[in-house]
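Heads up, the thing below is written out as structure tokens.
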Amino acid sequence: MRTHARAVAAVKVTTTTTTRASHARANRCRRSTIDARARRARTTTTTTTTRASAQEQDATEDAPDVENCVIIGSGPAGYTAAIYAGRANLRPLMFEGFQAGGVPGGQLMTTTEVENFPGFPEGVTGPDLMDKMRKQAERWGAVMHTEDVVTVDFTSRPFTVSSSDRTVKANSVIVATGATAKRLGIPAEATLWSRGISACAICDGASPIFKGEEVAVVGGGDTATEEAVYLTKYAKHVHLLVRGSTMRASKAMQDRVLQHKAITVHYNTECVDGSPNSKGNLGALKLRDTNNGDERQLKVKGLFYGIGHTPNSKIFGNQIELDEAGYVVVREGTRTSIEGVFSAGDLHDQEFRQAITAAGSGCMAAISVERYLTEKNLLVEHHQTKQRKSVEREESVSEEERAIQGEDEDSFDINVTKHYGQYALRKLYHESDRVVMVMYSAPTCGPCRRLKPMLDKVIAEYGDKVHYVEIDIAADPEIAEAAGVTGTPMTQIFYQKERIEVLSGVKMKSEYRRVIDGALGASATKEVTMPAAQAGEKKESPVETSR
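Sequential numbering from 2 applies to the sequence shown in my numbering.
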């Protein structure tokens, strides 16, 4: 069976890849201190997860009947609004979003270097900037729910906002759902999405299928040029496909692209289709000259999009006035057509579309909310008796460091729930009697950062019934390739040496629970193994079915 064969192949890679393990043993004395710190950090992780769950429960128990302000969406607009509303003692409740419109943190979670945000002279990655903003919002009392809002009702007061997990009432709402990256719409997207075609270079660029290969980026603005430069870290050469005769990117980014030896710019060029190689991944693109219509083929292993965005306003239906393109119409700053509902960020900004302008509009929206609630005599202050400490964990060994270092026979403890690296994966695959959840991540992957704490909460619910192991695909590219990883985050779930399911991207917590519950329930009825696989019948790979 392909599923079982690929799972075994991934484990065989860990068995035969002995160089890192030998090196670790040779430097055992040097790493003894690090390993001890890592073990302490693992204990801290469990404590932190428990503490986070307790804080979430306390927030639910202390929740008022009607919230002062609900913020729908995150990113620089939503997080800035939460910071200002929190400092105004409004105790804002934020639905960070989930899959509708992208991961929590917005478009910056898929951005490489942000070089024009004030206060960072050396630049900052988009995920790092969003992490800092989120922690600052939490510090000032914002209550975060990593959930999509599914319905809103602005027709009666107080307003009603419902997610998949809860329904809340609010006297005011800030909508900051941003915009989503557009797809090109070529025929090949149906079969080659996540098999070489992607809209997120920072998420998928480090995947083994792109390393040392030629790839292409579609677009001529800042997003496309930034992706092109970023991809040169992994790809042998990058082709930038620009539909017009000039790029629209900033002069600085244009200069960087044109001076880069590993980037070729193709002007007056559009991509009309793609074709697979023998492995079923992207192998070539069909290009068309926009001047004369001539077509040609370009052999590449990857195609990344940077072609604009669509506002995430569908959820508001006809309750808020929208323009023809679907953007929210605002007046006098951030006010929408509904009194008490305010807009922030790219949901209404078609012109500037910058992180700093989004943050500025989030500030304006929060101040407008405070004034509105005061004017209507609706404001209920939540006084902060003491300044909140930063929620940033002060660990001597970070999550990223532990994932890169991995574990060896000295540091591995099967009684611990959370593990790192290919040695741990091999041991758990062969010896664990629990459900084994394997999460593949990349150092620059913004969505991975949002998924990790979500999975922490999920595995904490199951106690000693689940093992978790994180694999950094940059540190362990062989096992990532053998496991069929084409993008991050990717979560593979095993039980009794059988791969049960593959979940690509960031899913709702209920999706991970569903798979775990299914495995544990099947175990109770002795049906956890897959009859089709045991009978030698062909079974479609979960990697394919998850796409």
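Note that beta-carbon positions come from the ideal geometry of N, C-alpha and C, so glycine has one too. Since this is a predicted model, take the numbers as computed values, not measurements.
Which value, in whole angstroms, describes the spacing of the CA atoms of Gly304 and Ala217?
According to the sequence as given, residue 304 is Leu; it is not Gly. When rounded, the distance between both Cα atoms is 5 Å.
If I follow the unbroken beta strand (DSSP E) through Asp290, where does it start and stop?
It spans 283 to 290 - the beta strand (DSSP E) in which Asp290 sits, taken as one unbroken run.
For Ile368, which residues in the same chain have their Cβ closer than 7 Å to its Cβ, ignoring the five residues on either side in sequence?
Tyr85
Which term fits Ala360, buried or exposed, when burial requires 16 or more other beta carbons within 10 angstroms of its beta carbon?
buried
For Leu259, does the count of other Cβ atoms within 10 angstroms reach 16, so buried, or fall short, so exposed?
Taking a 10 Å sphere around the C-beta of Leu259, we find fewer than 16 other C-beta atoms and assign the residue as exposed.
Near Met95, what residues of its chain come up, given a Cβ to Cβ distance below 6 Å and the 5 sequence neighbours on each side ignored?
Within the same chain, Cβ atoms closer than 6 Å to the Cβ of Met95 are found at Ile72, Ala83, Ala143, Met145, the five residues on either side in sequence being excluded.
What did DSSP end up calling Asp164 once you bin it into helix, strand or coil?
Reading off the sequence shown, one finds Ser at residue 164, where the question assumed Asp. Looking at Ser164 - three-state DSSP - the assignment turns out to be strand.
Please report how far the alpha carbon of Thr168 lies from the alpha carbon of Phe160, in whole angstroms.
10 Å
Run through DSSP, which three-state label would Met491 get?
Three-state DSSP puts Met491 in a strand.
In this structure, how does DSSP classify Asp473 when only helix, strand and coil are distinguished?
It is a strand residue.
Please list, in chain order, all residues of the same chain as Leu288 whose beta carbon is under 8 Å from its beta carbon, the five residues on each side excluded.
Leu242, His267, Thr270, Glu271, Cys272, Val273, Glu296, Arg297, Gln298, Leu299
Nearest by alpha-carbon distance to Ala520: which of Ile198, Ala182, Ala236, Asp434 is it?
Asp434
Within the same chain, show all residues whose beta-carbon is closer than 6 Å to that of Gly79, passing over the 5 residues directly before and after it, in chain order.
Exclusion of the five residues before and after Gly79 leaves Ile72, Ala177 as the residues of its chain whose Cβ lies within less than 6 Å of its Cβ.
What is the residue span of the alpha helix (DSSP H) that Pro448 lies within?
447 to 462
Okay, do the stretch 312 to 324 and the stretch 345 to 355 touch, 3+ Cβ pairs below 8 Å being the bar?
The answer is yes - the stretch 345 to 355 touches the stretch 312 to 324, with three or more Cβ pairs under 8 Å.
Quick check on this structure: which residue in Asn69, Gly98, Ala484 has the alpha carbon closest to the alpha carbon of Asp166?
Gly98
How many Å lie between Val470 and Ala483 at the Cα?
16 Å
Which residue or residues does DSSP assign as beta-bridge partners of Asp154?
Thr161
Is it right to say Ala207 is buried, meaning 16 or more other beta carbons lie within 10 angstroms of its own, or is it exposed?
Around the beta carbon of Ala207, 16 or more other beta carbons sit within 10 angstroms, so the residue counts as buried.
In terms of residues, what are the limits of the beta strand (DSSP E) holding Glu296?
296 to 299
What's the C-alpha gap between Gly107 and Leu452?
If you take the alpha carbons of Gly107 and Leu452, they lie about 14 Å apart.
Who are the near neighbours of Tyr231 in its chain, counting only those whose CB is closer than 7 Å to its CB and skipping five residues on each side?
Thr113, Ala202, Ile203, Gly206
State the Cα-Cα distance for the pair His384 and Gly87, rounded to the nearest angstrom.
10 Å
With a Cβ-Cβ cutoff of 8 Å, do Ile175 and Phe343 count as a contact?
yes
In whole angstroms, give me the CA-to-CA distance for Glu325 and Asp149.
25 Å
Can you tell me whether DSSP reads Cys272 as helix, strand or coil?
strand
Looking at C-alpha atoms only, which residue of Ile339, Glu512, Arg372 is the closest neighbour of Ser157?
Of Ile339, Glu512, Arg372, the residue nearest in Cα terms is Ile339.
What separation, rounded to the nearest whole angstrom, lies between the Cα atoms of Pro119 and Gly179?
21 Å
Which same chain residues, not among the five before or five after Phe211, have their C-beta less than 7 Å away from its C-beta?
Tyr235, Ala236, Lys302, Gly303
Report back the beta-carbon spacing between Val437 and Leu429 to the nearest angstrom; my notes put them in contact at under 8 Å.
5 Å
Comparing C-alpha positions only, which one of Asp290, Asn90, Phe155, Met131 sits nearest to Glu322?
Relative to the Cα of Glu322, the nearest Cα in the group Asp290, Asn90, Phe155, Met131 belongs to Phe155.
Comparing alpha-carbon positions, which option in Gly76, Gly309, Tyr463, Glu499 lies nearest Tyr513?
The residue with the shortest Cα to Cα distance from Tyr513 is Tyr463.
For Thr233 versus Met254, is the C-beta spacing smaller than 8 Å?
no
One question on the structure: do Cys70 and Ser164 come within less than 8 Å of each other, judged by their Cβ atoms?
no
Alpha carbon to alpha carbon, how far is Asp457 from Phe413? Give it in angstroms, no decimals.
Looking at the two C-alpha atoms, the distance is approximately 19 Å.
Nearest CA to the CA of Arg372: which residue from Ala250, Gly197, Leu91?
Leu91
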